[in-house]
Amino acid sequence: MRRFRFSDPGFEAVFSAFVEERRETPEAVDAIVRDVLAAVRSEGVTALLRFAREFDSIELDEGSIRVSGAEIEEGAAACPAEVRDAIAFAANRIRAYHERQRPADQQFTDDAGVELGWRWTPLEAVGIYVPGGRAAYPSTVLMNAVPAAVAGVERIAMVTPPGRLQPAVLAAAKTAGVTEIWRVGGAQAVAALAYGAGPIRPVDKIVGPGNAFVTAAKRRVYGAVGIDALAGPSEIVVVADGLNDPEWIAADLLSQAEHDPAAQSILITDDEAFAGRVEAALQVQLSTLTTGADAAASWRDHGAVVIAPLDESPGLVDRIAPEHVEFAVEEPERLADRVRHAGAIFLGRYAPEAVGDYVAGSNHVLPTSRAARFSSGLSLYDFLKRTSIVKCDAQSFAALAPATIALAEAEGLPAHARSAAIRLGQTRR
3 MRRFRFSDPG
13 FEAVFSAFVE
23 ERRETPEAVD
33 AIVRDVLAAV
43 RSEGVTALLR
53 FAREFDSIEL
63 DEGSIRVSGA
73 EIEEGAAACP
83 AEVRDAIAFA
93 ANRIRAYHER
103 QRPADQQFTD
113 DAGVELGWRW
123 TPLEAVGIYV
133 PGGRAAYPST
143 VLMNAVPAAV
153 AGVERIAMVT
163 PPGRLQPAVL
173 AAAKTAGVTE
183 IWRVGGAQAV
193 AALAYGAGPI
203 RPVDKIVGPG
213 NAFVTAAKRR
223 VYGAVGIDAL
233 AGPSEIVVVA
243 DGLNDPEWIA
253 ADLLSQAEHD
263 PAAQSILITD
273 DEAFAGRVEA
283 ALQVQLSTLT
293 TGADAAASWR
303 DHGAVVIAPL
313 DESPGLVDRI
323 APEHVEFAVE
333 EPERLADRVR
343 HAGAIFLGRY
353 APEAVGDYVA
363 GSNHVLPTSR
373 AARFSSGLSL
383 YDFLKRTSIV
393 KCDAQSFAAL
403 APATIALAEA
413 EGLPAHARSA
423 AIRLGQTRR
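In our numbering, the protein residues as written are 3 to 431.
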């Protein structure tokens, strides 16, 4: 963990270096992924079954690679009632939030008499990657599948590494509207969704987080299919004054650190004594967490405390461009309204990032690695396409044709010019 003081003469240089540090994937991962994608593309399901043996030590065949409807029902029924209730509660809130994002079709006639507009249509098929390594993630299923279902996507194909499927994941898949589940993970799962493999038909877009191999595979298949984003390690910035309970703030920092040793948690405060109390509380809490080893590594290698006036915090947050930022201060909007770059903003002492991960309703699939400077979190728009509509009659076409011809000829595209001129009875070479 590093400590920075805004008042130090060297702050600008050391903080800039810290922000620009990369927590990226080794190049060796990309070489492995390239070979896996090529194998699946050429061999199809045969490669998937071989990789299940090699990477997951599991024997599958073309029949068992798909999770049956009976398995989904039995697994969902085995989920504890309180977890099923929490899944339903979260799904309803996520559904309601994303329903409000639904855009309207538009059609209008402009001053030239041209009818213009656009319409929105859902994607036909979407693949959802659900990690299966460190823990079971029913929330990942909900955050990816519910917006797709709200958008009207007909086919929602979920892939997850082979092994025991957690009842909570199956319950979430059933609740969210997933239409098929496949026992395949890693880069090979991304390849199967992108290119098709035996019984797994290709999709139009792949969404959902994964490890370094999954992220590298998504980068490589982009173009053959759409992707949501290239997910990196999780991040949180907590802006807090000294009036907070240090135990609360310590827990918030650890809520991201426990995801992965490469995750990052940063505290910005104007009270150095309070920062010390938070650090002490964090160390005590680390000893009680089953995820303590990962969280400790994250805090040690990537964590930071920044001592700075709170009025400087929006500028510091923008430079970090974090996945999540909490403003645990009085009048949080006063500071948060000045932030331009953040995946999600949590306002006040009673809005920890954890509620956003599960039940607030907003999506927890958010830009990482400073991508909040140019991208947004997952939303309904990721599962919709906008198509432009243009209609002209003879009179309105005549108003557009001269400029069309002039621009086409300026660009050296004679067929474009002729396409307009011929309708006016003009000739063009």
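Here a beta-carbon is modelled for each residue, glycine too, at the ideal position from N, C-alpha and C.
- Taking one beta carbon from each stretch, the stretch 345 to 357 and the stretch 237 to 256 have 3 or more pairs nearer than 8 angstroms; the two touch.
- Between L125 and V155, the CB-CB gap stays under 9 angstroms.
- Per the coordinates, the alpha-carbon of S59 lies some 10 angstroms from the alpha-carbon of L51.
- The Cβ neighbour count for P416, taken over all protein chains shown within 10 Å, is under 16; the residue is labelled exposed.
- With fewer than three CB-CB distances shorter than 8 angstroms, the stretch 328 to 345 does not count as touching the stretch 205 to 220.
- Cβ contact annotation for A323 (same chain, cutoff 6 angstroms, sequence separation greater than five): H343, R372, A374, R375, in chain order.
- Looking at the backbone, the Cα of F329 and that of E249 are separated by about 16 angstroms.
- In the three-state DSSP reduction, Q103 falls in the coil class, being neither helix nor strand.
- When beta bridges are read from the DSSP output, T123 appears opposite K387.
- In terms of Cα proximity to T389, the closest of I67, S378, P105, Q258 is P105.
- In this model, R25 and A419 are separated by some 51 angstroms (Cα to Cα).
- The beta carbon of V116 sits closer than 6 angstroms to the beta carbons of C394, S398 from its chain, once the five residues preceding and following it are set aside; these are given in chain order.
- Out of I407, V148, G77, the CA that lies nearest to the CA of A93 is found in V148.
- Per DSSP, the unbroken alpha helix (DSSP H) holding L256 starts and ends at 248 to 259.
- Straight-line spacing of the CA atoms in P11 and F17 works out to 11 angstroms.
- I183 sits close to I74, with the two beta carbons spaced by under 9 angstroms.
- Under the three-state reduction of DSSP output, G317 falls in the helix class.
- By the beta-carbon neighbour count (other beta carbons within 10 angstroms, threshold 16), E325 is buried.
- In the structure shown, F329 falls within a strand segment according to DSSP collapsed to helix, strand and coil.
- Runs of the beta strand (DSSP E) lying entirely within the stretch 163 to 229, each at least 3 residues long, are 182 to 185, 207 to 209 in chain order.
- Per the coordinates, the alpha-carbon of V357 lies some 22 angstroms from the alpha-carbon of S377.
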